[in-house]
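Only one structure is covered here, and it is reproduced in the block below.
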Amino acid sequence: MKSIINNIKEVTNSIEYKTQLIGRNQRLSSGVNNTRMTGMAIGFLLTVIIIGLPLLYFKGGF
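Now the structure itself:
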């Protein structure tokens, strides 16, 4: 009888752990989707600053 109860506890713990992982994954995906456009805009601006401004400076643009 004890082995059956231990097996049930192990299965319950496994299910609980897996549902927590699924929930964490959903929250992470939701957060990434909400900030995707902002991140792309910031990345584009940083690229222009880091690469574009030195190119203009050394080509004689300023």
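Mapping to my numbering: the sequence shown position 19 is 71, numbers consecutive. Here a beta-carbon is modelled for each residue, glycine too, at the ideal position from N, C-alpha and C. As the structure is a prediction and not an experimental result, all values here were calculated from the model.
Have a look at L73 and I57 and give me their C-alpha separation to the nearest angstrom.
Whole-angstrom Cα-Cα distance: 24 Å.
Can you give me the C-alpha to C-alpha distance between S66 and I102, rounded to a whole angstrom?
48 Å
Between M89 and E62, what straight-line distance do the alpha-carbon atoms span, to the nearest angstrom?
42 Å
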